[in-house]
Amino acid sequence: MRTLLFLFLLVHWAPLLAQQVPIVDKNGMKCYQHTIQDGQTLFALQEWYACPAEQILALNPGIERGLIAGDVIYLPVIRRNQVHEVKPKETLSALSRQYVVSLDSLQKFNPGSISGLKVGQKISIPNGIVAVSLDQAPAVQPISAMNAPAPSRYISFTDSVLTYRVMPNESLSTISKRYMIPVEKLMEFNHLSSSKLKPDQVLKIPLKKERIEAVDQRSVPPKLAVNQLAKAFQFAHQSTCEIAVFLPLNLDSNAHFNRFISTAALDYYMGMKLAIDSLIDLGLSANYHIYDYESDKKPLSSLLALPEMRQMDLIYAPLQKEAAEQVAAFAKPLEIPVVFSVAQPASLTEQSNRFIAYTPDNEALMNALAKHVHQHYNQATVVLIHGETSADLALDAQFIEAFKALPSSVSKLKLIEATWQSYLQYNALGKPIVYIALSSSKERVLPLLKSQLNSPEMTVIGTKDWLEWKEISASTETAYQFVVATPSYFSYHSQNLISFHKKYRRTYSCDMSRMACLGYDATLLIGRMLLEDMPAQQGIFSQLNLQQRTKHLGVQNESAFVLRYQNFELLPDVH
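Structure below.
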């Protein structure tokens, strides 16, 4: 009998036993006293509690530095008209205290309540404080949905497509990670023009098809240290190594002649020749074979069919994507190392552990940028303004991952996440502030840069693509300032380039170009790696720090420059 009574009370009184987020007085106003849970952010709190961030910041000085699990913060209470169902032993006076409304107000809106309350009676609560259950904390369900039944997850699928209903507070990014489908593919598959989602929105998610046939199992190769990585590409089996270099020189001027591509290839070749001379002086024994893959007489397919090609110890891939793909397909089964001097898609450079991506990719740039922010802006408020396109959101995700990867023992700097609609509220903090906007939208970025001109305490961090905008690089009217991560640093004022430029002009009686610098650096630094001369990894306009990828095949150059664009030129962002 006691057991039945206990179960009855547990079922019918459990809602009353649930703990509520405490309501306290803070600076003369009623506030929720919220204890931070692991992983919660200021951006999430302002969304869940329907509270402007500036109010949260005003009530909690120092919160802009970030949130730590266990910290207590205060948020203004939410008030609205409500209906309360009377429970046993409840009085009007108790409801007045619970919802923090005057007894007179309750009596006015509920005339029949003066003589007493009855169980199950409906009481109108005018402008009462919304009670927040600890079971409905911000990480679980927003206030706007607290009086609604808990949503149920809806999923159905065929053998190739999953139908998914969006839950409250879910984003395209979280769904992308859950089902391992890129954000851009989800947007394309669902014909979405924006990455924003609404609760109960239905998405179609393409499922990965499993291979039916048996596949060979192989272990993931261990990550190589730098000196081990160098040895993996050395050629101890012979005294002289054979190196093929594919360039679109177009020496026989065929019908597809492109003057700009041919000129860039010639500049690359001229820089490469100077690097070869330096490598010979250092003791490298190598034969460099130059192949013009834009020639009419010997197209690329004919060049790859040459018997000598299968004996190459190293190949520098063509500069153009289609030709580079042909060379990669040739080299991969033969396990010939390939260097991709210019940026190529990850789908190409990640095909083999012996493929080297010389130009740092976006992930490497974001890693360098995140580390730089931790090192040089640790006394500032750092705000990431989320992008609005799939490409921008992908950069955001890479930066956030890199930013959080640095252990707290190294840096305790926290990252605030905002939108283009909410970021301006942080200007009122009156302290150094860093806005990170990895956006491709000129309409969003240019006003931000203009506001920075009048705010000496503000720093804007963007992407290298901004350097190509004519409003920034081709205009002399406004000297914008911002910080970017770039694969290389080309400046005629750099001491490294001054010395190389003199040598270049003495040799060729002309000025150097970026492609000449790339040809020199890619040849010299990879060549020195073959010599196992690893300490000198600084080139004239690029650096080399090869790391084997942890998630994919291939080797990536992780070394990038973090520079400040100021007075129409790039300079090291020194502090």
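Heads up: the sequence shown at position 521 corresponds to 501 in my numbering, and the numbers run straight through without jumps.
Where is the CB? At the ideal position from N, CA and C, for every residue including glycine.
Contact annotation, L286 with P317: C-beta distance approximately 18 Å; criterion of less than 8 Å not satisfied. Taking a contact to require three or more Cβ pairs closer than 8 Å, the region 302 to 309 and the region 421 to 428 do not qualify as touching.
Taking all protein chains in view, the Cβ of L227 is crowded by 16 or more other Cβ atoms within 10 Å, so the residue is classified as buried.
Per DSSP, the unbroken alpha helix (DSSP H) holding R77 starts and ends at L72 to Y79. For F379, the three-state secondary structure derived from DSSP is helix. Boundaries of the beta strand (DSSP E) around P106: K102 to I109. Under the three-state reduction of DSSP, E288 is assigned to helix. Burial is judged here by how many other beta carbons sit within 10 angstroms of a residue's own beta carbon; Y472 has fewer than 16 and is exposed. In the DSSP annotation of this structure, the continuous segment of the alpha helix (DSSP H) that includes C497 starts and ends at R494 to L510.
Take V63, set aside five residues on each side of it, and the residues of its chain with a beta-carbon closer than 8 Å to its own are K102, I103, S104 and I105, in chain order. Boundaries of the beta strand (DSSP E) around R60: R59 to E65. Shown here, A266 sits in a strand according to DSSP, grouped into three states. Taking a contact to require three or more Cβ pairs closer than 8 Å, the region 346 to 357 and the region 321 to 334 do not qualify as touching. Judged by DSSP in its simplified three-state form, I478 adopts helix.
In the structure shown, S327 adopts helical secondary structure according to DSSP, grouped into three states.
DSSP places I365 within a strand segment (E or B) once states are collapsed to three.
DSSP places Q523 in the strand class (E or B) of the three-state scheme.
Contact annotation: Q546 and Q461 have beta-carbon atoms nearer than 8 Å. In the DSSP annotation of this structure, the continuous segment of the alpha helix (DSSP H) that includes P313 starts and ends at K301 to L314. Contact between E437 and P412 is confirmed by a C-beta separation of about 5 Å, below the 8 Å threshold. With a cutoff of 8 Å on beta-carbon distance, F541 and S493 are scored as not near each other. The beta-bridge partner set that DSSP reports for K10 consists of D5.
Taking the Cβ atoms as the reference, G100 lies roughly 6 Å from E65, within the contact range of under 8 Å. In the DSSP assignment, no residue is bridged to P467.
Here Q517 is near L524, since their CB atoms are less than 8 Å apart. Annotation for L254: Y500 place their beta carbon closer than 6 Å to its own, counting only its chain and skipping 5 residues before and after. In the three-state reduction of the DSSP assignment, A38 falls in the helix class, which pools H, G and I.
At the C-beta level, I43 and L55 stay beyond 8 Å of one another. Pairing S153 with V163 gives a Cβ-Cβ distance under 8 Å.
Counting of Cβ neighbours within 10 angstroms places I48 among the exposed residues, the total staying below 16.
When DSSP states are grouped into helix, strand and coil, A224 belongs to the strand group.
According to the DSSP assignment, I336 belongs to the beta strand (DSSP E) that extends over F335 to A337. Ranked by Cα distance from A297, the first of Q291, E288 and D272 is D272.
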